[in-house]
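> Handing you a structure now.
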């Protein structure tokens with residue numbers, strides 16, 4: 008039977024109903040009582056879906072949505088004819104791969120603005136966030152000595168080898184509010200940025216630089232090993248409030264960050280350090296083996312760890328995404344090769360599916376001491392989960408990639424079979440208690456990857472990624488309905 012509901016505040020209220028045959032060629036619905044003054048949602052709907060590309064190759068890596076339903080996308084572009092708009096920060100391709108920033112209308116039918124972002128070497132945007140004023144924050148990586156930085160930038164000069172960058176764009180996309188390098192003399196990478204209160208931006212990434220710009224009083228002032236994670240908080244002008252290393256004596260990769268309403272930052276990634284700074288009360292105080300996921304909650308001033316824990320089994324486990332709800336619970340996703348990854352009793356998938364990796368989805372309590380639920384997510388081939396979002400009611404959606412012909416799907420899925428090329432994106436939803444709410448392949452007959460996901464306050468789901476499929480599902484009136492090059496970014500909105 009169909010899933011029918013109305014959104015009432017933060018609660019999704021289910022409405023009784025079933026299909027009915029109205030005639031030989033017409034099917035309708037018989038509905039129970041519902042509020043006729045509110046929108047009635049019947050099963051997931053593809054609200055809009057569009058390609059975003061020029062004539063070469065594009066990667067969609069990050070996505071955000073504002074209060075008006077505009078979507079913001081970033082990634083990497085290799086096309087000199089990528090769609091840009093008049094008057095934006097950078098209309099011309101600089102060469103060797105540029106970052107891009109695109110703002111789509113709420114219907115997905117037009118560009119509000121679209122711009123290149125880069126210098127003469129390689130640049131790519133890895134994640135994006137937006138504040139209540141409609142200003143976009145972008146982080147990623149650059150090897151360009153002439154990356155566009157703003158006057159008075161916190162770090163106006165390239166540090167060396169590869170730097171992270173942090174950019175804040177005006178609401179119109181026409182100018183840089185600020186733009187700065189972020190790095191030392193070795194390799195530095197910006198993985199994710201989140202807009203916080205009062206114009207603050209929180210950045211996570213990883214660094215091999217012993218001279219990464221940390222601040223006085225930081226939680227960890229020195230590089231612990233060959234590569235550490237880092238967490239940096241910038242004020243509304245782009246100046247650092249705090250910056251800290253995060254790591255032990257081996258290697259770390261910082262990938263995901265989320266911020267709660269009080270300014271606490273939650274970082275996740277992976278570590279091979281036996282001495283990663285975990286807290287005594289953390290859920291898992293000893294490493295499982297190989298790479299382990301780490302989850303660390305930092306105080307608003309970045310000087311104290313509120314909790315820190317490993318999460319993993321005896322093989323490699325990678326933390327990719329983290330989201331936090333209003334109660335401070337942390338939702339995690341990533342990839343695991345461990346057949347003994349910690350899962351909860353009654354999980355959606357209690358056993359390892361097979362292949363080189365499965366995805367996982369887990370929820371930690373606000374103290375970081377208890378795994379409230381945890382599940383594998385994967386079929387018999389390789390599956391990776393790359394992005395996670397949590398709704399106001401505690402419902403969770405993840406996206407990623409799957410090679411599995413037996414990846415879990417629900418009866419209301421948009422697509423229930425793997426594409427002929429053998430690689431599809433997926434989108435999977437969980438209820439607030441961790442039960443399966445929705446799961447679908449997403450793609451065409453070429454290769455498709457879901458990179459990032461976000462939700463709005465009405466629980467609509469937005470996915471960004473990249474596709475080689477000429478038949479990737481697009482909608483009437485979408486900005487771009489045809490694949491113009493080798494590979495396109497895509498933006499898809501679902502109403503689950």
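Numbering (the working numbering), first residue to last: 8 to 503.
Cβ atoms here follow ideal geometry from the backbone N, Cα and C, with glycine treated the same way.
The model shown is predicted, which means the values in this text are computed figures rather than measured ones.
Under 6 Å Cβ to Cβ from residue 380, same chain only, skipping five residues before and after it: list those, please.
Start at 1 with the first residue of the chain shown, and residue 380 comes out as number 373. Within the same chain, residue 380 has close Cβ partners 351, 370, 441.
> Please give me, in chain order, every unbroken run of the beta strand (DSSP E) with length at least 3 that falls completely inside the segment 354 to 439.
Counting whole runs of 3 or more residues, the segment 354 to 439 contains the beta strand (DSSP E) stretches 365 to 371, 378 to 384, 390 to 397, 403 to 409, 431 to 437.
> Report yes if the CB atom of residue 364 is closer than 7 Å to the CB atom of residue 344, and no otherwise.
Within the chain shown, residue 364 is the residue found at index 357, counting from 1. Within the chain shown, residue 344 is the residue found at index 337, counting from 1. Contact: yes.
> Taking the straight line between their C-alpha atoms, what separation do you get for residue 484 and residue 501?
Counted from its first residue, the chain shown places residue 484 at position 477. Counted from its first residue, the chain shown places residue 501 at position 494. Computed Cα separation, rounded: 16 Å.
> Classify residue 330: buried if its beta carbon has 16 or more other beta carbons within 10 angstroms, exposed otherwise.
Translated into the one-based positions of the chain shown, residue 330 becomes position 323. Flag for residue 330 reads buried.
> Evaluate residue 25 with the Cβ neighbour count: other Cβ atoms within 10 Å of its Cβ, from every protein chain shown; 16 or more gives buried, anything less gives exposed.
As a working note, residue 25 is residue 18 in the chain shown. Label assigned to residue 25: exposed.
> Do residue 504 and residue 125 have their CB atoms nearer than 7 Å?
Nothing can be reported for residue 504: it is not among the residues displayed for the chain, which extend from 8 to 503.
> Tell me which same chain residues have a C-beta within less than 7 Å of the C-beta of residue 495, skipping the five on either side of it?
Position 488 of the chain shown, counted from the start, is the residue given in the question as residue 495. Closer than 7 Å at the Cβ level, and outside the excluded window around residue 495, lie 58, 59, 60, 65, 473, 474.
> Given a cut-off of 7 Å, decide if residue 301 and residue 198 are closer than it, judged by their beta-carbon atoms.
For the purposes of this step, residue 198 is taken as the residue at position 191 of the chain shown. For the purposes of this step, residue 301 is taken as the residue at position 294 of the chain shown. It is not a contact, given that the beta carbons lie outside the stated cut-off.
> Would you check if there are 3 or more beta carbon pairs closer than 8 Å linking the segment 210 to 220 to the segment 228 to 239?
As far as the Cβ criterion goes, the segment 210 to 220 touches the segment 228 to 239, which means the pair count is three or higher.
> Where in the segment 162 to 186 do unbroken runs of the beta strand (DSSP E), each at least 3 residues long, occur, reported from the N-terminal end onward?
Those beta strand (DSSP E) runs which fall completely within the segment 162 to 186 and span 3+ residues are 170 to 176.
> Assuming residue 136 is part of the beta strand (DSSP E), what are its boundary residues?
In the chain shown, residue 136 corresponds to position 129, counting from 1. Element bounds for residue 136: 130 to 137.
> Measuring alpha carbon to alpha carbon, tell me which of 256, 210, 209, 162 ends up nearest residue 192.
One-based indexing of the chain shown puts residue 192 at position 185. Nearest option by C-alpha distance: 162.
> Are the segment 269 to 278 and the segment 217 to 231 touching by the rule of at least three beta carbon pairs closer than 8 Å?
Segments in contact, no.
> Jot down the residue ranges of each uninterrupted beta strand (DSSP E) in the segment 195 to 272, minimum 3 residues, whole runs only, in chain order.
Listed in chain order, the complete beta strand (DSSP E) runs (minimum 3 residues) inside the segment 195 to 272 are 195 to 202, 208 to 214, 235 to 241, 247 to 253, 259 to 266.
> Buried or exposed: where does residue 98 fall if 16 or more other Cβ atoms within 10 Å of its Cβ makes it buried?
In the chain shown, residue 98 corresponds to position 91, counting from 1. It is exposed - the Cβ of residue 98 has fewer than 16 other Cβ atoms within 10 Å.
> For residue 91, which residues of its own chain have a beta-carbon under 7 Å away from its beta-carbon, when the five flanking residues on both sides are left out?
The sequence position of residue 91 within the chain shown is 84, counting from 1. Here the set comprises 98, 121, 122, 123.
> Is it true that the segment 393 to 402 meets the segment 417 to 428, where meeting means three or more beta-carbon pairs spaced less than 8 Å apart?
Output reads no: the segment 417 to 428 does not touch the segment 393 to 402.
> Three-state secondary structure (DSSP) at residue 497?
Along the chain shown, read from residue 1 onward, the residue named residue 497 stands at position 490. In the structure shown, residue 497 sits in a strand (DSSP, three-state: E or B).
> Straight-line CA distance for residue 238 to residue 76?
For the purposes of this step, residue 238 is identified with residue 231 of the chain shown, where counting begins at 1. For the purposes of this step, residue 76 is identified with residue 69 of the chain shown, where counting begins at 1. About 29 Å.
> Please state if the CB of residue 448 and the CB of residue 503 are separated by a distance shorter than 7 Å.
Looking up residue 503 in the chain shown gives position 496. Looking up residue 448 in the chain shown gives position 441. No, Cβ-Cβ distance for residue 503 and residue 448 is not below 7 Å.
> Excluding the 5 residues flanking residue 94 on each side, which residues of the same chain have their C-beta closer than 6 Å to its C-beta?
Against the chain shown, residue 94 aligns to sequence position 87. Answer for residue 94: 181, listed in chain order.
> Beta strand (DSSP E) containing residue 83: first to last residue?
Position 76 of the chain shown, counted from the first residue, corresponds to residue 83. 78 to 84 is the span of the beta strand (DSSP E), which, as asked, contains residue 83.
> Please classify residue 164 as buried or exposed, where buried requires at least 16 neighbouring CB atoms within 10 angstroms.
For the purposes of this step, residue 164 is taken as the residue at position 157 of the chain shown. It is exposed - the Cβ of residue 164 has fewer than 16 other Cβ atoms within 10 Å.
> Which of the three DSSP states is assigned to residue 38 in this structure?
On the chain shown, position 31 is the one that residue 38 refers to. In this structure, residue 38 counts as strand in the three-state DSSP scheme.
> Start and end of the beta strand (DSSP E) containing residue 457?
Mapped onto the chain shown, residue 457 falls at position 450. Where residue 457 is concerned, the enclosing beta strand (DSSP E) stretches over 455 to 462.
> Check whether the segment 421 to 431 touches the segment 463 to 470, counting contact only when three or more Cβ pairs, one atom from each stretch, lie closer than 8 Å.
Judged by Cβ distances under 8 Å, the segment 421 to 431 makes no contact with the segment 463 to 470, as fewer than three pairs qualify.
> Could you check what DSSP says for residue 465 in three-state terms: helix, strand or coil?
On the chain shown, residue 465 is found 458 positions in, with the first residue counted as 1. Three-state DSSP puts residue 465 in coil, outside helix and strand.
> Can you list, in chain order, the residues of its chain with a C-beta nearer than 8 Å to that of residue 32? Leave out the 5 residues immediately preceding and following it.
Here residue 32 refers to the residue found at position 25 of the chain shown. Residue placement at residue 32 cannot be trusted, given a pLDDT of 43 that sits under 50; what the coordinates show is reported in the next sentence. Excluding positions up to five away in sequence, the list is empty.
> Which of helix, strand or coil does DSSP assign to residue 31?
Translated into the one-based positions of the chain shown, residue 31 becomes position 24. Because residue 31 carries a pLDDT of 43, less than 50, the predicted location of this residue cannot be relied on, and the following value inherits that uncertainty. The answer is coil: DSSP assigns residue 31 none of H, G, I, E or B.
> In this structure, what does DSSP give as the bridge partners for residue 13?
The residue you call residue 13 lines up with position 6 of the chain shown. 20.
> Which residue from 295, 327, 272, 293 puts its Cα closest to that of residue 313?
Position 306 of the chain shown, counting from 1, holds the residue named residue 313. Residue 272 is the option with its Cα nearest to residue 313.
> Between the alpha carbons of residue 190 and residue 171, how many angstroms are there, rounded?
As a working mapping, residue 190 is identified with position 183 in the chain shown. As a working mapping, residue 171 is identified with position 164 in the chain shown. Taking the straight line from one Cα to the other gives about 6 Å.
> DSSP three-state call for residue 45: helix, strand or coil?
Position 38 of the chain shown, counted from the first residue, corresponds to residue 45. Note: residue 45 maps to coil in three-state DSSP.
> So residue 290 packs on residue 376, CB below 8 Å; how close in whole Å?
As a first step, residue 290 is located in the chain shown; it is residue number 283 there, counting from the start. As a first step, residue 376 is located in the chain shown; it is residue number 369 there, counting from the start. Right, their Cβ atoms sit about 6 Å apart.
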